[in-house]
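Only one structure is covered here, and it is reproduced in the block below.
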Amino acid sequence: TLALASMASSRVFMDTDVQPTKDYLAWLSSNLDIANKITAEVVTKREPVTLEELYSYIKQETAKVAWFECTTTIDDIVQSSSWYYISCGGCNSNTIKGSTSLICNNKKCVKREVTGVPQYLTKIAVYDKSEQAVFVILGDAGKELTGKHASELVAKYFESNEELGANHLVPVLQALLDTIGHTHKFIVKISDHNLTGKTQTITVTKILPPEAPLAIAHLEEGTTPAVSDDVLKGVGDEPGPSTSFEHSAGDRVRKSSESFESLEAKRSKSG
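For the sequence shown, UniProt numbering gives the first residue as 1, with consecutive numbering after it.
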């Protein structure tokens, strides 16, 4: 079954091991006029990888835009930049303040009166046994992490702090801080920005529940808002692998790794 997003362009992820996909590809091969319209410039089946393997893929000369599954633990919420941005309610692009109202940065947007909607743009420091990284969580992926939309969190903050003006920047809230120490399966996108070295921050497009199957047709692009490049540029960047966090975080990673290796050694001896 193919699920198409309502966004302008969609990428469909298919499991080539199942019969419906085989049937579709066979049909496609016999309908070249349609097949020629399809851009096959992405890896079409996500694979579970470690952070070390993820960085290794990015360094490959033949690497293309791709999606992978990474199981990592959240070490911290990066607080050096805002955890949300004000998007255009029509197209989810970034907005700027005009003299009397918000203005959408997307020149193709048809909205004349822009309604600002807070969207997740949250950087998190993560680690696994192999490496450390900084992920940026966008849109619905943030709700999958906290259980709440960014707009809901921002609205509740201002309800509880009525004396603050609309221009006040909402600090990182408890709903996000409560995720520290939790381990999740993240679907991450290796973008052109990663491949060209413009940024080492990796975009999260979806966070899987523990019971989610691995081999399933997924539409990764449809899980996040159509965020324009100017939004992602505003994210900035963190240092590369192994230098992303403060020393204390690095110590926690090493201790976690040593503890894991010790546990594995004990199991081998007892087995």
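The beta-carbon is built from N, C-alpha and C at its ideal position, and this holds for glycine as well.
query, result
"Cutoff 7 angstroms; reference I137; Cβ partners in own chain excluding five residues on either side", "Y120, T122, I124, L145 and V204"
"V42 versus F186: straight-line alpha-carbon distance, rounded", "Unreliable placement is indicated for V42, whose pLDDT of 47 sits below 50; no coordinate value is reported for it."
"C-alpha distance - E61 paired with D178, whole-angstrom precision", "39 angstroms"
"Neighbour-count burial assignment, Q19, 16 or more Cβ in a 10 Å radius", "exposed"
"Residues of its chain near C109, where Cβ-Cβ distance is below 8 angstroms and the 5 sequence neighbours each way are ignored", "C88, G90, C91 and S93"
"Assigned secondary structure, A133 (DSSP; H/G/I helix, E/B strand, else coil)", "strand"
"At least three beta-carbon pairs within less than 8 angstroms, the region 43 to 58 to the region 128 to 137", "yes"
"Nearest neighbour of S160, chosen from L173, K148 and H149 [CA to CA]", "L173"
"As assigned by DSSP and simplified to three states, the class of V154", "helix"
"Backbone CA spacing between S151 and V117 [nearest angstrom]", "6 angstroms"
"For L51, three-class secondary structure by DSSP", "helix"
"Option in A63, N31 and F68 with minimal Cα separation from I207", "F68"
"Neighbourhood of L102 by C-beta, 6 angstroms cutoff - its chain only, sequence neighbours within 5 removed", "T95, V114 and G116"
"According to DSSP, residues forming a beta bridge with P118", "I86"
"Of the listed residues L195, I180, A155 and P171, nearest to S81 (C-alpha basis)", "P171"
"Backbone secondary structure at H193 - three-state DSSP", "helix"
"Alpha helix (DSSP H) segment containing E144, residue limits", "D140 to T146"
"Selected residue, minimal CA-CA separation from T71, among T183, C104 and A26", "T183"
"Among T100, G165, Y84 and V188, nearest to L176 - alpha-carbon criterion", "Y84"
"First and last residue of the uninterrupted beta strand (DSSP E) at A175", "Not the beta strand (DSSP E): A175 falls in the alpha helix (DSSP H), residues Q174 to L177."
"Element boundaries [beta strand (DSSP E), containing K97]", "T95 to K97"
"Identity of the residues DSSP links to V188 by a beta bridge", "F68 and V204"
"Contacts around Q79, its chain only, beta-carbon distance under 6 angstroms, and the 5 residues preceding and following it disregarded", "V172"
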